[in-house]
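Residue numbers (our numbering): 35 to 260. Positions of the beta carbon are idealized from the N, C-alpha and C atoms, including for glycine.
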Amino acid sequence: MSWRVARSLETFRNQLDAAYPNRDTASDGTIGDEDHQNRQSDHNPWYGPGIVTAFDFTHDPDAGVDIDRLTDELEQSRDPRIKYVIANELIMSGAGGPSPWVWRAYNGVNPHTRHAHLSVVADDRCDDPSSWNLPSFDNAGGGSSSRPYEEHQDASPGSRVIYGGRDQYDTWSHGSDVGFVQRWLGITDDDYFGPATHERVRWYQDMQGITVDGEVGPETWSQMGK
Numbered sequence: 035m036s037w038r039v040a041r042s043l044e045t046f047r048n049q050l051d052a053a054y055p056n057r058d059t060a061s062d063g064t065i066g067d068e069d070h071q072n073r074q075s076d077h078n079p080w081y082g083p084g085i086v087t088a089f090d091f092t093h094d095p096d097a098g099v100d101i102d103r104l105t106d107e108l109e110q111s112r113d114p115r116i117k118y119v120i121a122n123e124l125i126m127s128g129a130g131g132p133s134p135w136v137w138r139a140y141n142g143v144n145p146h147t148r149h150a151h152l153s154v155v156a157d158d159r160c161d162d163p164s165s166w167n168l169p170s171f172d173n174a175g176g177g178s179s180s181r182p183y184e185e186h187q188d189a190s191p192g193s194r195v196i197y198g199g200r201d202q203y204d205t206w207s208h209g210s211d212v213g214f215v216q217r218w219l220g221i222t223d224d225d226y227f228g229p230a231t232h233e234r235v236r237w238y239q240d241m242q243g244i245t246v247d248g249e250v251g252p253e254t255w256s257q258m259g260k
């Protein structure tokens, strides 16, 4: 099935990229993975002629992309294209409700601490390409989050090893790099390297004819184009 991203979200992404050209995109996402495809999700191309109405953008405060600030600006914008926004275990609905423009507790499996989720409405407004009125896009506002950020931003993905395994966890066992691997392998992207991810990595390594150790190091990164 052919698909495309809603034009309003393309505009949002283009503005985000223009304001923060060096931002991390490891947890960005549009089209849903296998897990999303097996449930109702705006990441699926279900509206109109195969239109995806959701966009995830990566939390990267070191580059100025603080999802706390940006989602607050989305709230304040009252943009009629917004269906809902999720970030840091909170969800806010747009004008269509429930409880429009009020942040509520979000209890989904993915707490959305590594990226924010923006869904737009499933009608003609989703393809409105007008610019998003966010101060951060106009000012390329910097600032950083007061929330602890546990990513290591100073190494390129190809040089790092993500450890997993049933009993082996350390500082590399969570984060946006893990989410990238999970999306590449078509499994749920919760940013945590648990047993299911370990087994999927081993399967992928076996399929690619490379060392099967369940760890994502330079050889496996290379196969993933990193």
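- Query: Taking contact to mean at least 3 C-beta pairs separated by less than 8 Å, is the region 37 to 54 in contact with the region 157 to 166?
  - Reply: The region 37 to 54 is in contact with the region 157 to 166.
- DSSP on W137, reduced to helix/strand/coil? Strand.
- Query: Is T92 near V99, with beta carbons less than 8 Å apart?
  - Reply: Contact: yes.
- Beta-carbon spacing of E109, W80 below 8 Å: Using a Cβ distance threshold of 8 Å, E109 and W80 do not count as a contacting pair.
- Backbone secondary structure at V39 - three-state DSSP: In the structure shown, V39 sits in a strand (DSSP, three-state: E or B).
- Going straight from the alpha carbon of R148 to that of N56, what length do you get? Near 17 Å, if we compare the C-alpha coordinates of N56 and R148.
- Item | Distance, Y118 Cα to W206 Cα | Reliability of the predicted coordinates at W206 is poor, the pLDDT of 43 falling under 50, and no value is obtained from them.
- Item | Spatially closest choice to Q10 from R103, S36 and E253, by CA coordinates | Because the chain is modelled from 35 through 260, residue 10 falls outside the range shown and cannot be assessed.
- Query: Run through DSSP, which three-state label would I85 get?
  - Reply: Secondary structure at I85: strand, using DSSP grouped into helix, strand and coil.
- Query: Thinking just about the alpha-carbon of each residue, which of A150, A97 and V235 is nearest to the one in D90?
  - Reply: Closest by alpha carbon: A150.
- Message: Since D58 and D94 should fall inside the 8 Å C-beta cutoff, what is the C-beta to C-beta distance between them, to a whole number of angstroms?
- Response: That pair is a contact at about 4 Å.
- Run the CB neighbour count on G243, radius 10 Å, all protein chains shown included, and call it buried at 16 or more, exposed below. Result: exposed.
- Message: Can you tell me whether V155 is buried or exposed? The criterion is at least 16 other CB atoms within 10 Å of its CB, across all chains shown.
- Response: Buried, because 16 or more other Cβ atoms sit within 10 Å of the Cβ of V155.
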